[in-house]
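Here's the structure we're looking at; comments come further down.
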């Protein structure tokens, strides 16, 4: 079975074909990242999540945050739920860990700016 | 008990309210909308017509000429933008040339002086209007044509009326009118008693008149659609009319006081609920027709399109009379040139109709002056720095496209008849009227409205009840 | 009147990069004027990742990308003013600005760099048919409410336009608990990056309606529904209407360089880019006034803005050192078949060090074609292209030697492969 995908590793957006039976062999890619993406996307798709958390005493009411690595796509909404539970207080430095090992993914939520 | 209840806060109700406020009378204005001047007064060409167009002998002709001559003084007293740019009716073929010659004769018959209108040939017009299209062969020059800012004209009249004691009750839709010794006007919210009722309800004129007795006329809604061009392009130096047709004055090119250009209107009878809807065909019609008069119109500089209804009465003329119910005065069918005629209509209604019913006693303390409005773009840096010394908010720029400061926005909220919505702020201060249409400044305007009105940001409305912009917080925050 | 070597108008990605680049090569008195309360511009509300792949070789969010530059600006001690709105720019390089500390102030510069960025095409500008209720706003405005202020503008949302901001906002609204019912695009292809279609729409099963546009907005005080129709040659086809009940319609229908100040100053504009006409040194027709970033032409990636602004900064250094040759004798860049615009529009070869980078956009999607650079009939350079699209800016590098045979003008066209 061959699966068609569009690579999201960079803005070019190569049209990939992944041969599932043939050890997820990837064709249509222009670089190596396509091979990695094609296989992973079918076995265990992952994404970076960016959102905000409530911040007190900041110049705004929300602090932008991100996962410091990719998390399983199926966990995105679980992570979002966790973010609703957090309230931080200014000052915060960019890169500060806001939630450690979020939802047991091994990935941290970090502040994506100082405020 | 009120002496006079005015129903309708458009330009007619506004000028009548101000005229009444000169006298020792207790007056209230009722309007069903969230703000004043939301219908025909909001969606028209902003032109103070010279009086060349209405048929001789009509009320339209009479009050147009009188109103035109009153506008400058009213604008000075109330600090309403007024641009004496002149106007011109353009002919693009022989038939139209004959038509504008007829307009010339009509203008004279209506009472215009010879210096107030002249026939010009193409060469003369080109000197005045360099963007003229190749189709134009001749024109009727109308130097007394001017441009105002219609909703500010209405707002300023109501503000001044309120400064002089008139009351305003918005979001009051009249549902019942009864008369015994006096009128009892019932709205969705309240009951008002008055000796005189003035019906200035625009497209709803006959509906409201019918609440008390069968009206002798019917008002229908004629929709006009418009395009607004950004203010850094000047297509025409004066108001340019096409030769008129049975549909009205046609697609007019109107330079606006703040530098924008208005293209429109279309003209089509529609149901009341459709008066504010723009259509693809209507906007296409404006594009096609405006290019008959001038060339090089930069349509990529359009910042906004809008539509509004004007009230056309079944008898074709203004209706300004006491109905068969004594004390119930209809001021209806005030379509073009209604904006021009409004101050003259007000003097007539108050002096000749109200004055026959109630004794008019001049108020000693009446002030005809409205507190001047700061318009940053009109001032020099020295003047602006004088303001800044008094109030720093006059140097905090909120609307970057139109250069409107926080000081101006706060002032627009805290006057009589002040802004209570984002559109209200825009209509008074112009914040959000520019090329980004509030994309950048709307959130700041919400902050200011919330602070000044002492409400939560989520309660700030765009234009009326139920039009809140911010509908909830993220992260489960209440 | 206070004097500066350089005044930079706008403290977003372009202004920050230009300021730092000038400071790197020449000790100069620089002033960066920013109208907002913080430096960083629109990057601050672009909290998604995807920035910095070229400049930092890593994937950053918008705020992170901005903060790296802001930190460096602080480190170098470059002067800037916040909440300071430039009111007027004069051709003699006097700049008038206002803020609540100083009031209305006029200052003088030797050189001015325009870095005001761009704004979003509004609902008014595209003449959407129907009523004008609340709940219709640009995607960027909704993004600011959501990401900076923490407010939702709708629970059931439709998006018109498949530009990247619209796609990004579709995902953001879903993540924050709203339903996104669909995205309509009038063109037969998306205006956004393919990766954004995948990770913003496909990931969340949001339908993309290509060759569709909004044909009616319904609702009195608040938008209640939106009607879309299929189009053929931009004309809606009757009978293809689909109605969605919504409380918000977000628009992602184009970005326009913000040139109010430039036009009022008398700077010549390019009707295609909607930005100033500049030469190889990013200098406008007015001596000493430069432009770079989205005010010049709308870029796809902030990395390109940074690189362009660095080049502009270097040119300004040369200008301050009197090393830029003034000459009206320049080569015109002409967009031919398939090319919609080229930046810079004019080139004085004597001001090029070793190579010149040209940026262009094509008019439609192309596969397996050549980009051909000619002067008169002589081919100077041919570049093979597997794929080109209007949403993707193309870059061409010309060496100084490439100009040896050039007379008068250079044209660039898209051509079939022989």
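Chains as they are written, first to last, in the numbering used here: chain A, 12 to 126; chain B, 998 to 1475; chain C, 108 to 525. Ideal Cβ placement from N, Cα and C applies to all residues, glycine included. Model, not experiment: these values are computed from the prediction.
Asked                                                                                                                                                                                            : Found
Assuming residue 182 of chain C is part of the alpha helix (DSSP H), what are its boundary residues?                                                                                             : 169 to 183
Compute the Euclidean distance between the alpha carbons of residue 1303 of chain B and residue 55 of chain A, then round it to the nearest angstrom.                                            : 51 Å
Does DSSP put residue 198 of chain C in a helix, in a strand, or in coil?                                                                                                                        : coil
Starting from residue 1118 of chain B, trace the beta strand (DSSP E) both ways and give me its first and last residue.                                                                          : 1115 to 1118
Run down chain C in chain order and give the residues with a C-beta less than 8 Å from the C-beta of residue 1394 of chain B.                                                                    : 142, 192, 194 and 205
Under a Cβ-count criterion, where at least 16 other Cβ atoms within 10 Å of its own Cβ denotes burial, should residue 433 of chain C be classed as buried or exposed?                            : exposed
Can you tell me where the alpha helix (DSSP H) holding residue 50 of chain A begins and where it ends?                                                                                           : 43 to 54
Between residue 468 of chain C and residue 447 of chain C, which are expected to be in contact by the criterion C-beta below 8 Å, what is the C-beta distance as a whole number of angstroms?    : 5 Å
Can you give the beta carbon distance from residue 1087 of chain B to residue 1290 of chain B, rounded, assuming they're within the 8 Å contact cut?                                             : 5 Å
Quick check on residue 1187 of chain B: buried or exposed, where buried means 16 or more other Cβ atoms within 10 Å of its Cβ?                                                                   : exposed
Under a Cβ-count criterion, where at least 16 other Cβ atoms within 10 Å of its own Cβ denotes burial, should residue 1102 of chain B be classed as buried or exposed?                           : exposed
Given this structure, state the Cα-to-Cα distance separating residue 1418 of chain B from residue 516 of chain C, to the nearest angstrom.                                                       : 55 Å
Rounded to whole angstroms, what is the Cα-Cα separation between residue 550 of chain C and residue 1325 of chain B?                                                                             : Any answer about residue 550 of chain C is impossible in this case: the structure gives chain C only from 108 up to 525.
Where do the ends of the beta strand (DSSP E) carrying residue 1252 of chain B lie?                                                                                                              : 1249 to 1252
Is the distance from the Cβ of residue 242 of chain C to the Cβ of residue 261 of chain C below 8 Å?                                                                                             : yes
Helix or strand or just coil, what does DSSP make of residue 1256 of chain B?                                                                                                                    : coil
Just to confirm, is the Cβ distance from residue 500 of chain C to residue 407 of chain C under 8 Å?                                                                                             : yes
When the Cα of residue 1367 of chain B is compared with those of B/1232, B/1151 and B/1356, which residue comes out closest?                                                                     : B/1151
Taking the alpha helix (DSSP H) that residue 1094 of chain B belongs to, which residues open and close that run?                                                                                 : 1091 to 1107
Contact between the stretch 1253 to 1269 of chain B and the stretch 1038 to 1053 of chain B is defined here as three or more beta-carbon pairs at a separation below 8 Å; is this criterion met? : yes
Under 8 Å, do residue 367 of chain C and residue 1398 of chain B count as touching if we go by C-beta distance?                                                                                  : yes
Could you give the DSSP three-state label for residue 310 of chain C: helix, strand or coil?                                                                                                     : helix
So if I threshold CB-CB distances at 9 Å, which residues from the stretch 395 to 419 of chain C count as touching chain A?                                                                       : 407 and 408
With distances taken between CB atoms, is the gap from residue 1197 of chain B to residue 1203 of chain B smaller than 8 Å?                                                                      : no
Is there a C-beta anywhere in chain C that falls below 8 Å from the one on residue 61 of chain A?                                                                                                : yes
So, does the stretch 494 to 508 of chain C touch the stretch 404 to 419 of chain C, judging by three or more C-beta pairs under 8 Å?                                                             : yes
Counting only Cβ-Cβ distances shorter than 8 Å, please list the residues of the stretch 1442 to 1460 of chain B near chain C, keeping chain order.                                               : 1454, 1455, 1458, 1459 and 1460
If you draw a straight line from the alpha carbon of residue 1322 of chain B to that of residue 1023 of chain B, how long is it in whole angstroms?                                              : 21 Å
Pair every Cβ in the stretch 1275 to 1287 of chain B with every Cβ in the stretch 1236 to 1251 of chain B, then say whether three or more of these pairs are closer than 8 Å.                    : yes
Taking residue 1344 of chain B as the reference, which of B/1048, B/1369, B/1317 and B/1228 has the closest Cα?                                                                                  : B/1317
Output needed in chain order: residues of the stretch 1267 to 1290 of chain B with a Cβ under 8 Å from some Cβ in chain C.                                                                       : 1273, 1274, 1275, 1276, 1277 and 1280
By the 10 Å Cβ neighbour count, where 16 or more other Cβ atoms means buried, how is residue 211 of chain C classified, buried or exposed?                                                       : buried
When the Cα of residue 88 of chain A is compared with those of A/24, A/114, A/40 and A/50, which residue comes out closest?                                                                      : A/114
Could you say if the stretch 1121 to 1131 of chain B and the stretch 1067 to 1081 of chain B meet the contact criterion of at least three C-beta pairs nearer than 8 Å?                          : no
Does DSSP put residue 1002 of chain B in a helix, in a strand, or in coil?                                                                                                                       : strand
Would you check if the distance between the CB atom of residue 148 of chain C and the CB atom of residue 270 of chain C is smaller than 8 Å?                                                     : no
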